[in-house]
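Novice: Here the protein sequences line up with chains A and B, keeping their order. Mapping of the first sequence onto the numbering used here: position 269 corresponds to residue 269, and the numbering continues sequentially without gaps. Mapping of the second sequence onto the numbering used here: position 87 corresponds to residue 87, and the numbering continues sequentially without gaps. A virtual CB, placed ideally from N, CA and C, is assigned to each residue, including glycine. Below you will find the structure I want to go over with you.
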Amino acid sequence: MTGETDPEGDSGATNGSPLDVANPDEPADDYSLTELLAVTAAREIDDGEMAFIGVGMSLISGVLAKYTHAPRCQLVTESGYVGSRPPGVVQSISDSVLGVDSLVATDQMQIFVDNQRGLFDVGIIGAGQIDKYGNTNSTVVTGAEGSYENPKVRLPGSGGSNDIMTSCGRTIVMMRQRARAFTSELDYVTAPGYLDGPGAREEFGFPGGGPETVITDMAVFGFDEETKEMYLRSTHPGIDVEEVREMVQWDLNVDDDVETTPVPTRREVAMLRTIDPTDTVLRDTDRIYEIGFDEWADTMERNWKRLMQIEEDK
Amino acid sequence: MSDTHDKTQTLQTAISDHVPDGASIAFGGMGGRDPEAAAREIIRQEKTGLRVVDDARTTLFDAMVGAGCVDEYVGSWVGTSLISQGHNVRRAVEEGVPKDLTMQDVSNFGSSLMFFAGAMNVPFVPTRSMLGTDIAEHNDDIEVIDDPFGSGEPLAAVPAATPDVAIIHVQQADRHGNAHIYGNTVNDHLKVRAADTTIITCEEIVPSETIAESPELTKIPFYTVDSVVEVPFGSHPWHCYGHYYADLPFYREYGLRSQDYDEFQDWLDEWIVPHEEYLEKVGADRLARLEELEQTINGGKI
């Protein structure tokens, strides 16, 4: 299942248009765990919502949602674009593909003012570490000997993750499932989940609802309404509960009827591979490190045209 | 600074006149419309002791850190791209190579607000962001205060940033510094107002009549600008909206070669050259292809 990504993105696709997929609503039998992660996050965005997204996996999920089940969702990026329909991977937060069909091109201050005003429904962020209350760290790994000033690993920093968790209606966290990442004690709190438990967000007067879902390459987690603690909602196909427990440092609560995460459809997988034909984000292959300039440019341009054509055909 | 004299300079002169060793600097753009050529010129002139006061930074910051130009960073995010970490930043913070880099974190909204406060000429502005987290805890400049009007609500006071220099790359400007920005603005309109001195680099210098035809695009006015430099492809390897797409294979190579400090020195030797020579090395065909790609997605918007 993993590592068998077809870079041409033709998992059943025919004639160049990713919408021409045989049995598009059937479960895909060929998908990677990274693709499952992206699809699961995309499904958290409801049609018509304002979705605040960053670069990488969160943006690819937002773009996928817009091209599949949520065509009327509006993507918001912190660099100033609203309403874009990027016809491919967004490499950086001011990537000019965000100009395609954008309704608003403004500045970062305005976007975060609107965010703090409570105007955005759902945000998607990434993180390096998370604790049971959904607080995240994307700033430093201090290790046993280190400190904020002298960390073992310097991570990129908050970006917009702090602001999204503080003020967005609800927040989806996407990250890798590792025992050192699902930690009993964060090295640094970059973005506020439920802080130290029930009532803490209310004390600070945060406009947003906080973390709602955590999606990893192994499982999906929610948060208990009373205790605000994370619990296991579903495991991905082929992963059992014990395997997930081993990758969590605290005693993980498990839903009474823990489910299996629904697998991607054939349409979703075909669309993802059309959005990211060079495997820049999904990274199931090393293609992005091997492709030459001319082939990269030609591939990107061909797929942009495919996706832009879908809109023109409507 | 309301004069409307001809402020055009060469890139070399603009940097040597306005960026002394030890200066604090804010750069424009954000993974798109970044003033990469200006940053390479700062490295070429071997500036030292710089304090970068900024928002989210990619390759230009990582390269300046690796070249030993920067002592301190205040901002929200550092890396290089989707496909590479900021290896030079990590080496400097974790190992002190080539020298220690002091980091002071804010959130992205925090970075906008510090320039807004600077542009307003007030000591701070309040926000709900960063409350309850280690950003406010570890950043000594951020204070948590109670609403002075008595609501009891806590607020994070974000201090004003007033960098010595702002360096912003735009699509077009006139000789007096009226700058048209197409697409998103990020924090650039605030940075030029917060800074003491502003250098505008642009794809093209245009007559003031062209500016006056679309004054709503003038996000940066002449009275905030001290120097104007025409630098075609001044954001390469990043995007310049309406002009050219990002050169991912180029910054992919940067990411790979910056993993090792010695290899990065070779990268510096190869690419830290006068801008005209840099463009020749990238190659006219490749640059033209990047222009074509941008036309495919945003053709006709400029």
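1. Which word fits GLY118/A, buried or exposed, when buried means at least 16 other C-beta atoms lie within 10 angstroms of its C-beta?
2. Got a sec: is the Cβ-Cβ distance from GLY299/B to anything in chain A below 8 Å?
3. Going by other Cβ atoms of all chains shown within 10 Å of its Cβ, with 16 needed for buried, is HIS5/B buried or exposed?
4. Find the residues of chain A that neighbour VAL93/B, judging by a C-beta separation of less than 7 Å, and give them in chain order.
5. Tell me whether ASN121/B is buried or exposed, calling it buried when 16 or more other Cβ atoms sit within 10 Å of its Cβ.
6. In terms of residues, what are the limits of the alpha helix (DSSP H) holding GLY110/B?
7. Quick one: is GLY29/B near chain D, going by C-beta distance under 8 Å?
8. I'd like to know if the stretch 243-256 of chain A and the stretch 164-179 of chain A are in contact, where contact means that at least 3 CB-CB pairs between them fall below 8 Å.
9. So what does DSSP say about PHE52/A, is it helix, strand or coil?
10. Among residues of its own chain, excluding the 5 on either side of PHE109/B, which ones have a beta-carbon nearer than 7 Å to its beta-carbon?
11. Please tell me whether MET247/A has its Cβ less than 8 Å away from any Cβ of chain B.
12. Spatial neighbours of ASN303/A within its chain, please: CB distance less than 8 Å, with the 5 preceding and 5 following residues excluded, ordered by chain position.
13. Buried or exposed: which applies to ARG72/A, given that a residue is buried once 16 or more other Cβ atoms fall within 10 Å of its Cβ?
14. With 16 as the cutoff for other CB atoms within 10 Å, does GLU185/A come out buried or exposed?
15. Tell me where the beta strand (DSSP E) around HIS169/B begins and ends.
16. By the 10 Å Cβ neighbour count, where 16 or more other Cβ atoms means buried, how is ASN23/A classified, buried or exposed?
17. Using 10 angstroms around the beta-carbon of GLN172/B, count the other beta-carbons present and answer buried if the total reaches 16, otherwise exposed.
18. So GLY79/B and GLY86/B are in contact, right, with Cβ under 8 Å, and what is the actual spacing, rounded?
19. Using beta carbons (cut-off 8 Å, strictly below), is GLU36/B in contact with chain A?
20. Just the C-alpha distance for THR68/A and ASP101/A, rounded to the nearest angstrom, thanks.
21. For PRO87/A, return the contacting residues in chain B, with the cut-off set at a CB-CB distance below 8 Å.
22. Under a Cβ-count criterion, where at least 16 other Cβ atoms within 10 Å of its own Cβ denotes burial, should ILE43/B be classed as buried or exposed?
23. Between SER92/A and THR58/B, which are expected to be in contact by the criterion C-beta below 8 Å, what is the C-beta distance as a whole number of angstroms?
24. Can you grab the Cα-Cα spacing for the pair PRO207/B / ASP285/B, in whole Å?
25. On the CB-based measure, 16 or more other CB atoms within 10 Å of its CB, does ALA144/A come out buried or exposed?
26. Are the CB atoms of ASP55/B and SER16/B nearer to each other than 8 Å?
27. What did DSSP end up calling ASN298/B once you bin it into helix, strand or coil?
28. Which residues in chain A sit within 8 Å of THR224/B, going by Cβ to Cβ distance?
29. Reducing DSSP to helix, strand and coil, say where TYR67/A ends up.
30. Which whole-angstrom value describes the C-beta separation of GLY193/A and PRO207/A, a residue pair presumed to lie in contact below a C-beta threshold of 8 Å?
31. Check MET230/A in the structure and name its three-state DSSP category.
32. Are the stretch 158-166 of chain A and the stretch 219-237 of chain A touching by the rule of at least three beta carbon pairs closer than 8 Å?
33. Just to make sure I have the definition right: I need the residues of chain B whose C-beta is within less than 7 Å of the C-beta of ASP163/A. Which are they?
34. Do the stretch 255-275 of chain A and the stretch 292-299 of chain A touch if we need at least three Cβ pairs shorter than 8 Å?
35. If ASP105/B sits next to ILE135/B, beta carbons under 8 Å apart, how far is it from one beta carbon to the other, in whole angstroms?
36. Does the beta-carbon distance from GLU49/A to ASP107/A come in below 8 Å?
Specialist: On the basis of the supplied data:
1. On the first sequence, residue 118/A is found 118 positions in, with the first residue counted as 1. Exposed, by the Cβ-count rule.
2. Along the second sequence, one-based indexing puts residue 299/B at 299. Answer no: the Cβ-Cβ gap between GLY299/B and chain A never drops below 8 Å.
3. Translated into positions along the second sequence, residue 5/B becomes position 5. Flag for HIS5/B reads exposed.
4. Here residue 93/B refers to the residue found at position 93 of the second sequence. Here the neighbours are PRO151, ARG154.
5. Here residue 121/B is taken as the residue at index 121 of the second sequence, counted from 1. So ASN121/B ends up on the exposed side.
6. Taking the first residue of the second sequence as position 1, residue 110/B is located at position 110. From DSSP, the alpha helix (DSSP H) with GLY110/B extends over 108-120.
7. No chain D appears in this structure, whose protein chains are A and B.
8. yes
9. Here the question's residue 52/A lines up with position 52 in the first sequence. Looking at PHE52/A - three-state DSSP - the assignment turns out to be strand.
10. Looking up residue 109/B in the second sequence gives position 109. THR127, SER129.
11. Here residue 247/A refers to the residue found at position 247 of the first sequence. MET247/A does not count as touching chain B.
12. Against the first sequence, residue 303/A aligns to sequence position 303. Excluding sequence neighbours, ASN303/A sits near GLY9, PRO87, GLY88, THR274, ILE275, PRO277.
13. By one-based count along the first sequence, residue 72/A stands at place 72. The residue in question, ARG72/A, is exposed, as its Cβ has fewer than 16 Cβ neighbours within 10 Å.
14. Translated into the one-based positions of the first sequence, residue 185/A becomes position 185. GLU185/A comes out exposed.
15. Position 169 of the second sequence, counted from the first residue, corresponds to residue 169/B. It spans 165-173 - the beta strand (DSSP E) in which HIS169/B sits, taken as one unbroken run.
16. Within the first sequence, numbered from 1, the residue matching residue 23/A stands at position 23. Classification for ASN23/A: exposed.
17. Your numbering for residue 172/B matches position 172 in the second sequence. When all chains shown are included, GLN172/B counts as buried.
18. Within the second sequence, numbered from 1, the residue matching residue 79/B stands at position 79. Within the second sequence, numbered from 1, the residue matching residue 86/B stands at position 86. About 5 Å separates the two Cβ atoms, so the contact holds.
19. Numbered from 1 along the second sequence, position 36 holds the residue referred to as residue 36/B. With 8 Å as the cut-off, GLU36/B does not count as an interface residue toward chain A.
20. Within the first sequence, numbered from 1, the residue matching residue 68/A stands at position 68. Within the first sequence, numbered from 1, the residue matching residue 101/A stands at position 101. Between THR68/A and ASP101/A, the C-alpha separation is close to 17 Å.
21. Numbered from its first residue, the first sequence carries residue 87/A at position 87. In chain order: ILE297.
22. Counted from its first residue, the second sequence places residue 43/B at position 43. Classification of ILE43/B: buried, given that the 10 Å Cβ count is 16 or more.
23. As a position in the first sequence, residue 92/A is number 92, starting the count at 1. As a position in the second sequence, residue 58/B is number 58, starting the count at 1. Between SER92/A and THR58/B, the beta carbon gap of about 7 Å places them in contact (Cβ cut-off 8 Å).
24. Numbered from its first residue, the second sequence carries residue 207/B at position 207. Numbered from its first residue, the second sequence carries residue 285/B at position 285. C-alpha separation (whole angstroms): 29 Å.
25. Locating residue 144/A in the first sequence gives position 144, where the first residue counts as 1. So ALA144/A ends up on the exposed side.
26. The residue labelled residue 55/B in the question sits at position 55 within the second sequence. The residue labelled residue 16/B in the question sits at position 16 within the second sequence. Not closer than 8 Å, so no.
27. Along the second sequence, read from residue 1 onward, the residue named residue 298/B stands at position 298. Of the three classes helix, strand and coil, the one that applies to ASN298/B here is helix, per DSSP.
28. Stepping through the second sequence from its first residue, residue 224/B is reached at position 224. In chain order: nothing, as chain A lies at least about 15 Å away.
29. Translated into positions along the first sequence, residue 67/A becomes position 67. Note: TYR67/A maps to helix in three-state DSSP.
30. Position 193 of the first sequence, counted from the first residue, corresponds to residue 193/A. Position 207 of the first sequence, counted from the first residue, corresponds to residue 207/A. Not a contact, Cβ separation roughly 15 Å.
31. Your numbering for residue 230/A matches position 230 in the first sequence. If DSSP states are grouped into helix, strand and coil, MET230/A belongs with the strands.
32. no
33. As a working note, residue 163/A is residue 163 in the first sequence. Under the 7 Å cutoff, chain B gives SER107, ASN108, PHE109, SER129.
34. Contact fails: fewer than three Cβ-Cβ distances are below 8 Å.
35. Numbered from its first residue, the second sequence carries residue 105/B at position 105. Numbered from its first residue, the second sequence carries residue 135/B at position 135. 5 Å between Cβ atoms; contact.
36. On the first sequence, position 49 is the one that residue 49/A refers to. On the first sequence, position 107 is the one that residue 107/A refers to. No. Outside cutoff.
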